[in-house]
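Below you'll find the structure, written out as structure tokens, and then a few comments.
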Amino acid sequence: MNPLALLFLVLGLGLIAWLSARARAIALDRGGAQLHSRPRQHATYVALWTVVPALIFAAIWAALSPSLVTASVLADPAAAVLPAGGFERDSILAEARSLALGRGYGAFYDESEALAPVFAQAQSFYRWIGAGIVVLLAVAGAAYALSRITPLFRARAQVERGVMLALLVASLIAILTTLGIFLSLVFESARFFAIVPVTDFLFGTTWSPQVISQRDPGASLGAVPLFWGTFFIGAVIAMIVAIPLGLMSAVYLTQYAHPRVRRWVKPCLEILAGVPTVVYGYFAALTVGPAIRQIAVALGMPYASSESALSAGLVMGVMIIPFVSSMADDSIAAVPTAMRDGSLAMGATTNETIRRVLLPAALPGVVAGILLAVSRAIGETMIVVMAASGAATITLNPFESATTVTKQIVDLLTGEAEFDSAKTLAAFALGLTLFVITFLLNIVALRVVKRYREAYE
Amino acid sequence: MSSTLVAGAPAIGAEPAARAPTDWRTDAMRGRIRRRYAAERRFRLLGLAAVTLSCGFLLVLLASMLSSGLGGFQRTDVRLSIDFPALNLPVTRGQLRGSGADLALAGAGLQGAVGRAAVQAFGEGGDRYIADRAWLTVRDAVLADPGLLTRRTAIDVPASSGIDAAARGAGRADDEAVVARLEGLRLLSTAINWDFFTRADATDPGAVGIWGALKGSLLTMAVTLLVAFPVGVLSAIYLEEYAGRNRWTDLIEVSINNLAAVPSIIFGLLGLAVFLNTLHLPRSAPLVGGLTLALMIMPVIVIAGRNAIKAVPPSIRDAAFGIGASRIQVVFHHVLPLALPGILTGTIIGMARALGETAPLLMIGMRAFIASPPGGLADPATVLPVQIFLWSDEVSRGFVEKTSAAIIVLLAFLLAMNAAAIYLRNKFETRW
Chain X
1 MNPLALLFLV LGLGLIAWLS ARARAIALDR GGAQLHSRPR QHATYVALWT VVPALIFAAI
61 WAALSPSLVT ASVLADPAAA VLPAGGFERD SILAEARSLA LGRGYGAFYD ESEALAPVFA
121 QAQSFYRWIG AGIVVLLAVA GAAYALSRIT PLFRARAQVE RGVMLALLVA SLIAILTTLG
181 IFLSLVFESA RFFAIVPVTD FLFGTTWSPQ VISQRDPGAS LGAVPLFWGT FFIGAVIAMI
241 VAIPLGLMSA VYLTQYAHPR VRRWVKPCLE ILAGVPTVVY GYFAALTVGP AIRQIAVALG
301 MPYASSESAL SAGLVMGVMI IPFVSSMADD SIAAVPTAMR DGSLAMGATT NETIRRVLLP
361 AALPGVVAGI LLAVSRAIGE TMIVVMAASG AATITLNPFE SATTVTKQIV DLLTGEAEFD
421 SAKTLAAFAL GLTLFVITFL LNIVALRVVK RYREAYE
Chain V
1 MSSTLVAGAP AIGAEPAARA PTDWRTDAMR GRIRRRYAAE RRFRLLGLAA VTLSCGFLLV
61 LLASMLSSGL GGFQRTDVRL SIDFPALNLP VTRGQLRGSG ADLALAGAGL QGAVGRAAVQ
121 AFGEGGDRYI ADRAWLTVRD AVLADPGLLT RRTAIDVPAS SGIDAAARGA GRADDEAVVA
181 RLEGLRLLST AINWDFFTRA DATDPGAVGI WGALKGSLLT MAVTLLVAFP VGVLSAIYLE
241 EYAGRNRWTD LIEVSINNLA AVPSIIFGLL GLAVFLNTLH LPRSAPLVGG LTLALMIMPV
301 IVIAGRNAIK AVPPSIRDAA FGIGASRIQV VFHHVLPLAL PGILTGTIIG MARALGETAP
361 LLMIGMRAFI ASPPGGLADP ATVLPVQIFL WSDEVSRGFV EKTSAAIIVL LAFLLAMNAA
421 AIYLRNKFET RW
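Residue numbers (UniProt numbering), protein chains in the order written: chain X, 1 to 457; chain V, 1 to 432.
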């Protein structure tokens, strides 16, 4: 039975349970008994007992059954033809599975064609067993809950406990996601560091994943050039563009601009923040890159690349402007008006007030905003994937090419390598590094923002 | 103010030291004031320049996309005159009625016949002037009016990509010559390329369309919304209405705030490791893409939801409690409906972010060449931003226009979503 049909079957059973429970409660009510809860609440209670256990079991079964299916296929005499182990065995099994599901287009291995019917049989066997148990659970749940409907039964309290549980589970998903990110990165990185020593990865200065020697894979997987490129593009070039422009925009809009100008310009900056990064990347690759190359050639660098660090950094800086400006805007707005008024009353000009009073008072917020902006810039992917080059060099010249951590993650994982190679695992090690760095930046920045907000409240 | 703050200063009320009053009319003082005002003007101009520059970037970006992309919505047509009786197609009138008519025409060799007609009309090599799919246009014309088969007629069919590029002044020299000749005969015209909105990816830039990617995006967004919205709203309610202040809720709060700032590519790695390698969900499918993006935008919805719930005044809750509502009833019957506009605004903004996201979807394999629109949630699919990325990598010049055209479509969607969010905010925003 296919999963969607099963879902509808269970929901249908739930509806029937809801209707019959309500009818029963109404009958009790008419019979003169004083009900504790409304008939609708009794009905919801029964419906929950019908649907929830059945669906939970269905989810668990969906996760378990593939391994049960594989086990029963391997126990079948037809599986004797399989090679003893390793990559080939796995790919034959995978192919047989997709053939059995009707997804495959012809088989590469002859064995998988023989195994496919066995697979299909085992699959439908376990599927029917699962469906049977699910329906059984639904009916049993409904029967149990229906038997509990009495005038004194506190159905409302029970339903509300269920809702509370749902709320708690929903809020745990955020923690689970964080944990999932951390564990999956750590797990895959641990496999990587079993092949390549940590020190080689963190301190090696040669990055050339195209050729990884079998004897010493660490020699070509030193990530220092990537760290430098990321820092150079995201934290230096992009910030040189974004900080002055963002800060000055915020100052102008909050302190000088006419409200009408502000009403038009602010959405304009917000649109700048809403443009997808792939559009920025395309713009950088198509327009900015070649223009910067021409400038470099004019400056006397005939072999300049059109995939320079400068073009990616510039466009990234533009992308970050609204981010810096809105953070600065918030922190300037949080400075008490009394400080500004006091300074103006002492005869300071507006610009002196801004530079000597407002900005120093807003500094923690501004710095936190810049930290968040840096965290965002070094995690930005599409602009560098499209506009930066793949050549890992350590350079101070913005016209030369540089590569970043995110660009390398994409390059490593979209190639044609099998999953367990040092090459693909390296992407997870890079991901872990990126996660840890952005995590630290975010924590520090969020803490500063929070403390600063409390200081003026 | 306690007296310790001013310990070092002279006590209030003490006699200040005698000082001559400043003479503001001396040249030195006047110069100083002039300099201060000049600095003021410079600073102000600097601010104006920063704002202008930032908005200028936006204008340049939009203008460059528009100027290179509008052509992508157009195509060049060639007027092809076809002498149907001379082609002698083996179809009967009876076959042209009913549902199998298009198959009958294809079986009768219409494709080859159109090619021969092009050679006849434009001379040797004429079949290269029209697109490979030109015969489909002819087929549709015949289906609309079967009477065409009995006479000589002229039909506008799409030009081949080479001719198309040359007509826009970006083709090879020999194609340019052909275009000049055809233009002399007044056979070229431009039309709106409706195929662009109905087809999927292709290798020929003239034949590509965005419907495949758009449908992939819609399916992905549907999954994202179905997962992220309930979970986000429920956890916002929990954190705002129920959770006490303890270490556990602090942990939830820190992880939500942090998740909102984690680079999107990390979510792609999570999707790859968990959904694909551990749970073995189908690769490149909108299902996996939607789940990954849902995890990504959930914090956005939670944060917006919490702010909206926080803005509902306590008096509403107190009134509901006062007439005997339970806690759940207070939240679901009173607080949530009042907070809904704010939550929806946040959700739309989160969805707009998910719609423009590319990097995490590259990680889970949604970058395949997909020549037909996905049929379901488990089919291989691609999405609009990834399609833009893929086309931007193509060498052929025709793709530049198509990429920009796809960007225009994407931006139009995002603009519409943001406009909806702003409208919602203005219409339903209540000031308590």
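Yeah, the Cβ is synthetic: ideal placement off N, Cα and C, and Gly gets one too.
Exercise for the section: For S189 of chain V, count neighbouring C-beta atoms within 10 Å of its own C-beta (all shown protein chains included) and say buried if the count is 16 or more, exposed if not. Expected result: The residue you call residue 189 of chain V lines up with position 189 of the second sequence. Taking a 10 Å sphere around the C-beta of S189 of chain V, we find fewer than 16 other C-beta atoms and assign the residue as exposed.
Handout entry: Per-residue burial, R447 of chain X [other beta carbons within 10 Å of its own, 16 or more giving buried]
Key = If you number the first sequence from 1, residue 447 of chain X lands on position 447. With fewer than 16 other beta carbons inside 10 angstroms of its own, R447 of chain X counts as exposed.
Handout entry: Closest Cα partner of L9 of chain X within the set X:S401, X:A25, X:Q41 and X:A54
Key = The residue given as residue 9 of chain X occupies position 9 in the first sequence. If we check each option's Cα against that of L9 of chain X, X:A54 comes out closest.
Practice task
Leaving out five residues on either side along the sequence, give the residues of the same chain with a beta carbon under 7 angstroms from the beta carbon of A312 of chain X.
Solution key: Counting from one through the first sequence, the residue named residue 312 of chain X turns up at place 312. Excluding positions up to five away in sequence, the list reads I233, A284, I383, V384, A387 and A388.
Practice task
From the DSSP output, in three-state form, read off W24 of chain V for me.
Solution key: The residue given as residue 24 of chain V occupies position 24 in the second sequence. Three-state result, W24 of chain V: coil.
Practice task
Use the C-beta contact count for D250 of chain V: other C-beta atoms within 10 angstroms, 16 or more gives buried, fewer gives exposed.
Solution key: Counted from its first residue, the second sequence places residue 250 of chain V at position 250. D250 of chain V should be labelled exposed.
Problem - 8 angstroms CB neighbourhood of A420 of chain V in its chain, flanking five on each side removed - result: Along the second sequence, read from residue 1 onward, the residue named residue 420 of chain V stands at position 420. Around A420 of chain V: I348.
Practice task
For Y37 of chain V, go through chain X and note every residue whose CB falls closer than 9 angstroms to its CB, in chain order.
Solution key: Reading the second sequence from its first residue, position 37 is the one you call residue 37 of chain V. Against chain X, a Cβ distance below 9 angstroms from Y37 of chain V picks out T349.
Practice task
Give a yes or no on whether 8 angstroms exceeds the smallest Cβ distance from Y423 of chain V to chain X.
Solution key: In the second sequence, the residue the question calls residue 423 of chain V occupies position 423. At a cut-off of 8 angstroms between beta carbons, Y423 of chain V makes no contact with chain X.
Exercise for the section: State yes or no: is the C-beta of P374 of chain V within less than 8 angstroms of the C-beta of A381 of chain V? Expected result: Position 374 of the second sequence, counted from the start, is the residue given in the question as residue 374 of chain V. Position 381 of the second sequence, counted from the start, is the residue given in the question as residue 381 of chain V. Going by beta carbons, P374 of chain V and A381 of chain V fall inside the 8 angstroms limit.
Practice task
Measuring only between beta-carbons, confirm whether L6 of chain X sits less than 8 angstroms from chain V.
Solution key: One-based indexing of the first sequence puts residue 6 of chain X at position 6. No, its Cβ sits nowhere closer than 8 angstroms to a Cβ of chain V.
Handout entry: Per DSSP, the bridge partner or partners of A154 of chain V
Key = Residue 154 of chain V sits at position 154 when you count from the first residue of the second sequence. Note: A154 of chain V sits in a beta bridge opposite V:S81.
Problem - Range covered by the beta strand (DSSP E) that runs through S284 of chain V - result: Sequence index remark: in the second sequence, residue 284 of chain V carries index 284 (1-based). Boundaries for S284 of chain V: no beta strand (DSSP E) harbours it, and the DSSP string shows neither H nor E there.
Practice task
Specify the secondary structure class of T76 of chain V as computed by DSSP and reduced to three states.
Solution key: Looking up residue 76 of chain V in the second sequence gives position 76. Strand.
Handout entry: Chain-ordered chain V contacts of V265 of chain X [CB-CB under 7 angstroms]
Key = In the first sequence, the residue the question calls residue 265 of chain X occupies position 265. V51 and C55, listed in chain order.
Exercise for the section: Taking T414 of chain X as the reference, give the member of V:R317, V:M366 and V:T92 with the closest Cα. Expected result: Here the question's residue 414 of chain X lines up with position 414 in the first sequence. If we check each option's Cα against that of T414 of chain X, V:M366 comes out closest.
Handout entry: Reference Y45 of chain X, options X:I56, X:G162 and X:V357, closest by Cα
Key = On the first sequence, residue 45 of chain X is found 45 positions in, with the first residue counted as 1. X:G162 is the residue among X:I56, X:G162 and X:V357 whose C-alpha sits nearest the C-alpha of Y45 of chain X.
Problem - Run of the beta strand (DSSP E) containing L188 of chain V, from where it starts to where it stops - result: Your numbering for residue 188 of chain V matches position 188 in the second sequence. Taken as a continuous stretch (DSSP letters only), the beta strand (DSSP E) holding L188 of chain V covers L188 to I192.
Practice task
Go to Y252 of chain X, then tell me how far its alpha helix (DSSP H) extends in each direction, as first and last residue.
Solution key: Sequence index remark: in the first sequence, residue 252 of chain X carries index 252 (1-based). It is not in any alpha helix (DSSP H) - Y252 of chain X carries neither H nor E in the DSSP assignment.
Handout entry: Residues that DSSP places opposite L221 of chain X in a beta bridge
Key = Numbered from its first residue, the first sequence carries residue 221 of chain X at position 221. Beta-bridge pairing by DSSP links L221 of chain X to X:W207.
Exercise for the section: Find the residues of chain X that neighbour V107 of chain V, judging by a C-beta separation of less than 7 angstroms, and give them in chain order. Expected result: In the second sequence, residue 107 of chain V corresponds to position 107, counting from 1. It is Gly, not Val, that sits at residue 107 of chain V in the sequence shown. None at all; the shortest Cβ gap to chain X is about 25 angstroms.
Problem - Where the alpha helix (DSSP H) through T278 of chain V begins and ends - result: Position 278 of the second sequence holds residue 278 of chain V. No residue range can be given for T278 of chain V, since it is assigned to no alpha helix (DSSP H) and is classified by DSSP as neither H nor E.
Problem - Interface residues of the segment 173-197 of chain X facing chain V [CB-CB below 7 angstroms] - result: For the segment 173-197 of chain X, the residues whose beta carbon sits under 7 angstroms from a beta carbon of chain V are, in order, I173, A174, I175, T177, T178, G180, I181, S184, L185 and E188.
Practice task
Measuring only between beta-carbons, confirm whether L269 of chain V sits less than 8 angstroms from chain C.
Solution key: Absent from the structure: chain C. Protein chains present are X and V.
Problem - Proximal chain X residues relative to L259 of chain V, where beta-carbon distance stays under 9 angstroms - result: Here residue 259 of chain V is taken as the residue at index 259 of the second sequence, counted from 1. Per Cβ cutoff of 9 angstroms: A174, T177, T178 and I181.
Practice task
With a floor of 4 residues, list each alpha helix (DSSP H) that falls wholly inside the segment 52-132 of chain V, ordered by position along the chain.
Solution key: Scanning the segment 52-132 of chain V for uninterrupted alpha helix (DSSP H) segments of 4 residues or longer gives 84-87, 93-96, 101-107 and 110-122, listed from N- to C-terminal end.
Exercise for the section: Check whether the Cβ atoms of L414 of chain V and G356 of chain V lie closer than 8 angstroms to each other. Expected result: Sequence index remark: in the second sequence, residue 414 of chain V carries index 414 (1-based). Sequence index remark: in the second sequence, residue 356 of chain V carries index 356 (1-based). With respect to G356 of chain V, L414 of chain V sits close: the two C-beta atoms are nearer than 8 angstroms.
Handout entry: Nearest-angstrom Cα separation, counted from I163 of chain V out to G171 of chain V
Key = The sequence position of residue 171 of chain V within the second sequence is 171, counting from 1. The sequence position of residue 163 of chain V within the second sequence is 163, counting from 1. Their Cα atoms are separated by approximately 7 angstroms.
Handout entry: Where the alpha helix (DSSP H) containing P53 of chain X begins and where it ends
Key = Taking the first residue of the first sequence as position 1, residue 53 of chain X is located at position 53. First-last of the alpha helix (DSSP H) with P53 of chain X: P39 to A75.
Handout entry: Min CB distance G369 of chain X to chain V below 8 angstroms
Key = For the purposes of this step, residue 369 of chain X is identified with residue 369 of the first sequence, where counting begins at 1. Taking Cβ atoms only, chain V never reaches closer than 8 angstroms to G369 of chain X, which makes this a no.
Practice task
Could you have a look at A159 of chain V and say whether DSSP puts it in helix, strand or coil?
Solution key: As a position in the second sequence, residue 159 of chain V is number 159, starting the count at 1. A159 of chain V sits in a strand when the DSSP states are folded into three classes.
Handout entry: Other residues of its chain near R453 of chain X: CB distance less than 7 angstroms, five sequence neighbours each side excluded
Key = Within the first sequence, the letter at position 453 stands for residue 453 of chain X. Excluding the 5 residues flanking it on each side, R453 of chain X has same chain C-beta neighbours closer than 7 angstroms at A334, in chain order.
Problem - Closer than 7 angstroms at the beta carbon, the chain V residues around T404 of chain X - result: For the purposes of this step, residue 404 of chain X is identified with residue 404 of the first sequence, where counting begins at 1. Ordered by position in chain V, no residue passes the 7 angstroms Cβ test against T404 of chain X, which lies about 11 angstroms from the chain.
Practice task
Check whether the Cβ atoms of Y282 of chain X and S392 of chain V lie closer than 8 angstroms to each other.
Solution key: Reading the first sequence from its first residue, position 282 is the one you call residue 282 of chain X. Reading the second sequence from its first residue, position 392 is the one you call residue 392 of chain V. The Cβ atoms of Y282 of chain X and S392 of chain V lie closer than 8 angstroms to each other.
Practice task
Anything in chain V within Cβ reach of E160 of chain X, meaning under 8 angstroms, just list it in chain order.
Solution key: Residue numbering aside, residue 160 of chain X sits at position 160 when the first sequence is read from its first letter. The answer, in chain order, is S326, R327 and I328.
Handout entry: L202 of chain X burial status per 10 Å Cβ neighbour count (16 or more: buried)
Key = Indexing the first sequence from 1 puts residue 202 of chain X at position 202. Burial is judged here by how many other beta carbons sit within 10 angstroms of a residue's own beta carbon; L202 of chain X has fewer than 16 and is exposed.
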